[in-house]
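Novice:
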Amino acid sequence: MKRIKRALALVALFLVSATAVASETQKVQNFSFKDIDGKAHQFSEYRGKWVIVNYWATFCGPCVAEIPALNSVAKRFKDNAVVLGMEAGETPTDELKQFMDQKKIAYPVIPTQDSTMFALGLVYGVPTTFVVNPQGEIVDTHMGAITSAMLQNYLRADSNNPTTIAGDKEDCVSGFC
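What follows is the structure, encoded as structure tokens:
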């Protein structure tokens, strides 16, 4: 009977500690980076907005497949969120600009840099997306292709009142547009 009680106590303790760890958010430390045009930026410039940081590569099929979803979120939530495409494949800048034009990427693309590669945490593969809240805390990390619906769940949950996004052809109040 003592063993059962100890086992239950250990399980309860594990669950409480696991929940506490899962609910903690990691604050993003400020870091510098240059955009595709060579202009210097600080991550802190985006404080007050949601920041979707997507690590990707031009040669990665799932990365290319999620570009329309990231474009959609960047356009629909431009007042409340920013998408940063952190290219992790070391593609030369000229090729990267050509790729951006070809795929009609509508959000800032950041070429591979030492300052960006581990700024938000370990990236085990691409695509990997970090969702950072307006307070600068990482609220989720997603490895694999991400959809606009997945991202909109964060952006919509931030406001109590679902609203129509300006410029949409139809009302977008469900969070699954």
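Numbers -22 to -1, 1 to 155, taken from mature numbering (1 follows the signal peptide of the UniProt record, and there is no 0), label the letters of the sequence shown in order. Glycine included, C-beta positions come from ideal geometry on N, C-alpha and C. Since this is a predicted model, take the numbers as computed values, not measurements.
1) Mind checking which residues open and close the beta strand (DSSP E) that includes residue 11?
2) Give the DSSP-derived three-state secondary structure of residue 88 in the structure shown.
3) Decide if residue 68 is buried, meaning its Cβ has at least 16 other Cβ atoms within 10 Å, or exposed.
4) With DSSP as the reference, label residue 53 as helix, strand or coil.
5) Ignore the nearest five residues each way along the sequence and tell me which others in residue 53's own chain have a CB closer than 7 Å to its CB.
6) So for residue 96, helix, strand or coil by DSSP?
7) Return the CA-CA distance between residue 74 and residue 14, expressed in angstroms with no decimal places.
8) Starting from residue 108 and walking both ways along the beta strand (DSSP E), at which residues does that stretch end?
9) Out of 111, 134 and 107, point me to the one whose CA is closest to residue 31's CA.
10) Any idea what DSSP makes of residue 60, helix, strand or coil?
11) Between 113, 36 and 120, which lies nearest to residue 80 when the distance is taken from Cα to Cα?
12) Label residue 3 either buried or exposed according to how many other C-beta atoms from any shown protein chain fall within 10 Å of its C-beta, with 16 as the threshold for buried.
Specialist: A quick look at the data gives this:
1) Position 33 of the sequence shown holds residue 11. From DSSP, the beta strand (DSSP E) with residue 11 extends over 10 to 12.
2) Counting from one through the sequence shown, the residue named residue 88 turns up at place 110. The three-state secondary structure of residue 88, taken from DSSP, is strand.
3) Taking the first residue of the sequence shown as position 1, residue 68 is located at position 90. Classification of residue 68: exposed, given that the 10 Å Cβ count is below 16.
4) Residue 53 sits at position 75 when you count from the first residue of the sequence shown. In this structure, residue 53 counts as helix in the three-state DSSP scheme.
5) Walking along the sequence shown from the start, residue 53 turns up at place 75. Cβ neighbours of residue 53 beyond the five flanking positions: 84.
6) Here residue 96 is taken as the residue at index 118 of the sequence shown, counted from 1. It is coil, neither helix nor strand.
7) For the purposes of this step, residue 74 is taken as residue 96 along the sequence shown, with counting starting at 1. For the purposes of this step, residue 14 is taken as residue 36 along the sequence shown, with counting starting at 1. The alpha-carbon atoms of residue 74 and residue 14 are separated by roughly 8 Å.
8) Taking the sequence shown and counting its residues from 1, the one referred to as residue 108 is at position 130. Unbroken beta strand (DSSP E) run through residue 108: 106 to 110.
9) As a first step, residue 31 must be located in the sequence shown, where it is residue number 53. Of the listed residues, the one whose Cα sits closest to residue 31 is 107.
10) The residue given as residue 60 occupies position 82 in the sequence shown. Residue 60: strand per DSSP, three-state reduction.
11) Position 102 of the sequence shown, counting from 1, holds the residue named residue 80. The residue with the shortest Cα to Cα distance from residue 80 is 36.
12) Within the sequence shown, numbered from 1, the residue matching residue 3 stands at position 25. Exposed, by the Cβ-count rule.
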